[in-house]
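Novice: Got a structure for you, written out below as structure tokens; questions coming shortly.
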Amino acid sequence: MAGSKALPGKEAASAKIVMGVRMTKEKLALLIIERLKKEYPEAGCTLDYNQAWKLLVSVRLAAQCTDARVNIVVEDLYARFPDVEALAAAPVEEIEKIVKPCGLGHSKARDISACMKILQDQYQGSVPDDFDKLLKLPGVGRKSANLIMGDVFGKPAIVTDTHCIRLVNRFGLVDGVKDPKKVEMALWKLIPPQEGSDFCHRLVYHGREVCTARTKPCCGKCCLEDICGKCGVDTAPLC
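Numbering-wise, this note's numbering comes out as the position in the sequence shown, counting from 1, plus 723.
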């Protein structure tokens, strides 16, 4: 941790005043990681799955839908179509009837059908463990590909969902950056690769329970209150 003297060059531009001391974003990130580990030691993916292809399906359904609702809907989907082969052969209309409660039913059903066909035809029914190959699957973007790489294959991943983007801006780890890919690229420079996936899961928990979006964040009960930049945050209740 640096003293009060200004840091030279690029480091100075990325430094923050934390607890009265100038701290680089890298050091701030490590401190946040450690505190969130203690606060949410068991944090993990909130989508239910026991096979890689099921997470792929759930991630697509989760767009503009809650994970809780997705977890309910997929029970009916898998009861009707229990594996990649069955789902690949299923009429899009039948898939749509089941997934409609998740919203955007037609586009999601179409993507799921096309995705399962590709898994069946090109990958022997398995999900590829390659980021670029995942991105080529219908309905799979960087957020989804990172989630699968981290949770299924245990590889370095940073999932920039709405909670992640909101919180890292408030913390001061990024400065007014809202574009998911730009946030991801910025965090790769700050977060140790082995910490990325779990860090993002903990941000989801923290974003839902404390640093909320629709109400003022509960700074008074936040484990990061004394080190958070509170960027863009009005006076918050103590909760």
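Virtual Cβ for every residue (Gly too), placed ideally from N, Cα, C.
Predicted model, so just to flag it, every value in this text is computed and none were measured.
Can you name, in chain order, every residue of its own chain whose Cβ lies under 6 Å from the Cβ of Gln774, other than the five neighbours on each side?
Specialist: Here the set comprises nothing.
Novice: Just checking my contact of Ala832 with Val815 at CB under 8 Å: how many whole Å lie between their CB atoms?
Specialist: That pair is a contact at about 5 Å.
Novice: If you count every other CB in all the chains shown that lies within 10 Å of the CB of Ser781, and 16 or more means buried, which is it?
Specialist: Flag for Ser781 reads buried.
Novice: So, Cys788 versus Asp874, is the Cβ gap smaller than 8 Å?
Specialist: No, they are not a contact pair.
Novice: Could you say which of His929, Val897 and Val927 lies nearest to Ile914 if we only look at CA atoms?
Specialist: It is Val897.
Novice: Sorted by chain position, which residues of the same chain lie with C-beta nearer than 6 Å to Gly930's C-beta, five sequence neighbours on each side aside?
Specialist: Same-chain partners within the cutoff: His886 and Leu890.
Novice: Between the Cα of Arg925 and the Cα atoms of Arg745, Met746 and Glu765, which residue gives the shortest distance?
Specialist: The shortest Cα separation from Arg925 among Arg745, Met746 and Glu765 belongs to Glu765.
Novice: Between the Cα of Leu842 and the Cα atoms of Leu870, Lys823, Ala809 and Ala785, which residue gives the shortest distance?
Specialist: Out of Leu870, Lys823, Ala809 and Ala785, Ala809 has the C-alpha closest to the C-alpha of Leu842.
Novice: Quick one: grab the DSSP three-state call for Tyr763.
Specialist: The answer is coil: DSSP assigns Tyr763 none of H, G, I, E or B.
Novice: Measure the CB-CB distance between Ala786 and Leu770 and report whether it falls below 8 Å.
Specialist: No.
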